[in-house]
Amino acid sequence: MSEPIIRIQDLKKIYRTGDVDVAALRGVSLEVAKGDFVSIVGPSGSGKSTLFHILGGLAAPTSGSIHIDGDDLMALSDSGRTNLRRRKVGFVFQKYNLLPTLTAMGNIEMARYFSENAGPLDQSFRDLLTRLGIQDRLDHKPRAMSGGEQQRVAIARALVNQPAILLADEPTGNLDTENSEKVLGVLRDLNERLGQTILMITHNPEAAAYGHRTVHMRDGRIVRES
Amino acid sequence: MINRLVLENLKHRKLRTALSALSIGFQVTMILSVVGLSQGMLNDSINRAKGVGADIWVKPPGASVIGLSGASMPQKVLGFFQAQPHITHAVGTVIQPYAGISSVSGIDYKEFVGLSGNFRFLQGGPFQTPDELIVDQWYAEQSKASVGDMVTILNHKWRICGVVEPGKLGRLFVPMARLQELTNNQDKLSQILLKVDDPKNTQSIIAELKKIEELDGYSIYSIEEFVSMFSFNNVPGLRAFIWVIIGLSIVIGFLVVSLTMYTTVLERTREIGILKALGASPMNILNILVRETALLAIAGWLAGIVISFGANWAINHFVHSNLQSEITPDWWPTTFAIAMAASLLGALYPGLRAARLDAIEALSYE
Ligand SMILES: Nc1ncnc2c1ncn2[C@@H]1O[C@H](COP(=O)(O)OP(=O)(O)OP(=O)(O)O)[C@@H](O)[C@H]1O
Ligand SMILES: [Mg+2]
Chain A
635 MSEPIIRIQD
645 LKKIYRTGDV
655 DVAALRGVSL
665 EVAKGDFVSI
675 VGPSGSGKST
685 LFHILGGLAA
695 PTSGSIHIDG
705 DDLMALSDSG
715 RTNLRRRKVG
725 FVFQKYNLLP
735 TLTAMGNIEM
745 ARYFSENAGP
755 LDQSFRDLLT
765 RLGIQDRLDH
775 KPRAMSGGEQ
785 QRVAIARALV
795 NQPAILLADE
805 PTGNLDTENS
815 EKVLGVLRDL
825 NERLGQTILM
835 ITHNPEAAAY
845 GHRTVHMRDG
855 RIVRES
Chain B
243 MINRLVLENL
253 KHRKLRTALS
263 ALSIGFQVTM
273 ILSVVGLSQG
283 MLNDSINRAK
293 GVGADIWVKP
303 PGASVIGLSG
313 ASMPQKVLGF
323 FQAQPHITHA
333 VGTVIQPYAG
343 ISSVSGIDYK
353 EFVGLSGNFR
363 FLQGGPFQTP
373 DELIVDQWYA
383 EQSKASVGDM
393 VTILNHKWRI
403 CGVVEPGKLG
413 RLFVPMARLQ
423 ELTNNQDKLS
433 QILLKVDDPK
443 NTQSIIAELK
453 KIEELDGYSI
463 YSIEEFVSMF
473 SFNNVPGLRA
483 FIWVIIGLSI
493 VIGFLVVSLT
503 MYTTVLERTR
513 EIGILKALGA
523 SPMNILNILV
533 RETALLAIAG
543 WLAGIVISFG
553 ANWAINHFVH
563 SNLQSEITPD
573 WWPTTFAIAM
583 AASLLGALYP
593 GLRAARLDAI
603 EALSYE
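As given, the protein sequences belong to chains A and B, one line each in that order.
Everything in the first sequence is counted per my numbering, starting at 635 for the first residue and increasing by one.
Everything in the second sequence is counted per my numbering, starting at 243 for the first residue and increasing by one.
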């Protein structure tokens, strides 16, 4: 078997707020192979988002070891983490998080700009836009789009730089059943057809079932897998 | 791409963008108006001095060129000048300041036009009685005055007998003898104007005049020397005043942009978090805000120039007789630098704050 794209060993993250230390992660170990689709579930405050923030280079780990696609995240500086965000990961959030003043295409172009991904969009990305069903919505600003459309634009934006991993933090948390199914279907399709590695946080067991496997977290630890 | 984001951001808050640009604009206008007024008034004085046509100007000891002072030179010194070779005309005038920045010129009509040539009358004609007043067109327009109207100046009632084209010596002319009498300056003059037979001889004539013992202490200028003294540097306090205006406008510009950018950053905290999640570095964030500020400053500067044209027109239209203003394009680059510097300084703190924002906290900002 090839080298896993994510390798985490005994990862800890301690937030220091004033005099109190909050241990958000208390020793997480996890391996994810390229092309895997992992669902992460667990009660509120169990450290799921914190794990994503570290994987995505938004926060620095406290101790342990963590590698993504060969990069040692423990060794990364602030600018190293900026580069990680530019090239290795794509984020999808519960609240879509599109830039409100830009059109759908503007949002996508912005992500391309930061990773210096210039030139015309390639055909495979154009096909992706069609599969996402947003090819006709690209000139619209976020407020002119439905939640489901916005989330699909966010997915396109997260994938435009061909990241090694896609991190989706409760991507369907704000969507109705119909739109949730559409978005989850898109994620499964991306995983199956393009081999996109995906990690997805969810509170919904039905959504979790879209993944190949489900990781259960509690109190900053992984308690079991199913 | 950054530029598109910057433009869209500015468009998104049109009113705030317009108001901040306007406040920057008014600072630019403030500077341009002060400078335009200074230059306009100096140039108007120069034009009126040149318009007389005298080759040499004589001022009494201790009198400044620009300051308005009453008559202090004994009328009999006129005789010295008239006796000199090459001097064809020697004419005394009295300049009497009144009501702050205005002044009235006392002339001996025959002598004065003998040196200067005839006034060009738009209405009426020369003095017929000692209590008549000739006004120039600017004064007439601003005061809506015309021939036959009575005007009180220096507690004396004058009847307007003529309206003339502007650009000769002063704006208001009265018979010199009456003015001397009213100001208790009988037989005193403010300045003496000389015309020489050949302007080429002016310098040698001045040199001769300066040798005369009785004229010791008198200031004797060729017309070129005389008008060269109407400059920024020779008006007491003008330079300092302009510096104060520039300083104030920098402070105000700084404050306005600080506040605008500070609220912008607060309001856009979440968007800054999104940009960071997309891979924006702190420099990228600062860059976006700096460009936004620079655009505001440019828009403000352009607005300021447009407003200064309006202010210029208003001054020259409504109060042309008291104040003269000019458009001063040579100050445009300076005001650009001032607007830009004040704005960028103002954006510095909010910009650094935004650049340093923690991405996760910013993303969870409501
Ligand atoms: N910036 C922070 N400073 C201090 N404590 C934090 C910070 N971020 C998270 N925490 C704490 O870390 C713990 C884990 O939070 P995290 O957001 O990872 O939970 P989660 O599993 O994503 O929960 P949810 O399902 O509600 O999203 C919580 O106790 C939270 O209060
Ligand atoms: Mg969470």
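Idealized CB from N, CA, C, for every residue including glycine.
The beta strand (DSSP E) with A:Gln643 in it runs from where to where?
Start and end: 640-651.
Please state the DSSP three-state secondary structure of B:Leu414.
Correct three-state label for B:Leu414: strand.
Going by C-alpha distance, which of B:Gly356, B:Pro327, B:Gly359, B:Glu513 is nearest A:Lys729?
For the residues B:Gly356, B:Pro327, B:Gly359, B:Glu513, the minimum Cα distance to A:Lys729 belongs to B:Glu513.
With 8 Å as the threshold, decide whether the Cβ of A:Phe725 is near any Cβ in chain B.
A:Phe725 counts as touching chain B.
Hey, would you say B:Ser491 sits closer than 8 Å to B:Ile580, going by beta carbons?
Cβ atoms of B:Ser491 and B:Ile580: closer than 8 Å.
Report the rounded CA-to-CA distance for B:Trp380 versus B:Leu590, giving the unit in angstroms.
One C-alpha to the other measures close to 48 Å.
Hey, A:Arg791 and A:Ala745: beta-carbon distance below 8 Å or not?
Yes, the Cβ-Cβ distance between A:Arg791 and A:Ala745 is below 8 Å.
Go through its chain and collect everything with a Cβ distance to A:Val817's Cβ below 8 Å, but skip five positions before and after it.
Within the same chain, A:Val817 has close Cβ partners Gly782, Gln785, Arg786, Ile789, Pro805, Thr806, Leu809.
Reducing DSSP to helix, strand and coil, say where B:Arg290 ends up.
Helix.
Could you give the distance in angstroms between the alpha-carbon of B:Phe483 and the alpha-carbon of B:Gly489?
Roughly 10 Å between the two C-alpha positions.
Should A:Asp803 be listed as close to ligand 2, given that the test is whether its C-beta is under 7 Å from any heavy atom?
It does: the Cβ of A:Asp803 is within 7 Å (strictly closer) of some heavy atom of ligand 2.
Would you say B:Gln445 and B:Ser461 are within 8 Å of each other, going by their C-beta atoms?
No; because the gap between Cβ atoms is not below 8 Å, this pair is not in contact.
Does DSSP put A:Ala802 in a helix, in a strand, or in coil?
Reduced to three states, the DSSP call for A:Ala802 is strand.
On the three-state DSSP scale, how would you describe A:Gly681?
Three-state DSSP puts A:Gly681 in coil, outside helix and strand.
Using 7 Å as the cut-off, classify the Cβ of A:Ser697 as near or not near the heavy atoms of ligand 1, replying yes or no.
Every heavy atom of ligand 1 is 7 Å or more from the Cβ of A:Ser697, so no.
Is A:Lys682 a contact residue of ligand 2, with contact defined as CB to any heavy atom under 7 Å?
It does: the Cβ of A:Lys682 is within 7 Å (strictly closer) of some heavy atom of ligand 2.
Anything in the segment 517-530 of chain B with a Cβ closer than 7 Å to a Cβ of chain A? List those residues in chain order, please.
Flagged, chain order: Ala519, Leu520, Gly521, Ala522, Ser523, Asn526.
On the three-state DSSP scale, how would you describe A:Lys722?
Coil at A:Lys722, not helix or strand.
Counting only beta-carbon separations shorter than 8 Å, does A:Leu707 have a partner in chain B?
Chain B contact via Cβ: absent.
Report the three-state DSSP secondary structure of A:Ala694 (helix, strand or coil).
Note: A:Ala694 maps to coil in three-state DSSP.
Since A:Gly782 is in the alpha helix (DSSP H), which residue starts that stretch and which ends it?
Residues 781-793.
Could you tell me whether the Cβ atoms of B:Ser585 and B:Thr271 are closer together than 8 Å?
Cβ atoms of B:Ser585 and B:Thr271: not closer than 8 Å.
Would you call the segment 737-744 of chain A and the segment 526-535 of chain B in contact, with 3 or more CB pairs under 8 Å?
Verdict: no, contact absent.
Under a three-way DSSP split, which group does B:Tyr340 fall into?
In the structure shown, B:Tyr340 sits in a strand (DSSP, three-state: E or B).
When DSSP labels each residue in this structure, what does B:Tyr463 get in the three-state scheme?
Of the three classes helix, strand and coil, the one that applies to B:Tyr463 here is strand, per DSSP.
How many Å lie between B:Asn476 and B:Val469 at the Cα?
Each residue's Cα considered, the two are about 11 Å apart.
Which whole runs of the beta strand (DSSP E) in the segment 396-440 of chain B are 3 residues long or more, in chain order?
Runs of the beta strand (DSSP E) inside the segment 396-440 of chain B: 398-406, 414-417, 433-438.
Of the residues that make up the segment 482-516 of chain B, which ones have a beta carbon closer than 7 Å to any beta carbon in chain A?
Here the close residues are Glu513, Ile516.
In or out: B:Met392 buried (at least 16 other Cβ within 10 Å) or exposed?
Its Cβ having fewer than 16 others within 10 Å, B:Met392 is exposed.
Which ranges does the beta strand (DSSP E) cover as unbroken runs of at least 3 residues, wholly within the segment 697-754 of chain A, from first to last along the chain?
Within the segment 697-754 of chain A, the complete beta strand (DSSP E) runs of at least 3 residues are 697-702, 723-726.
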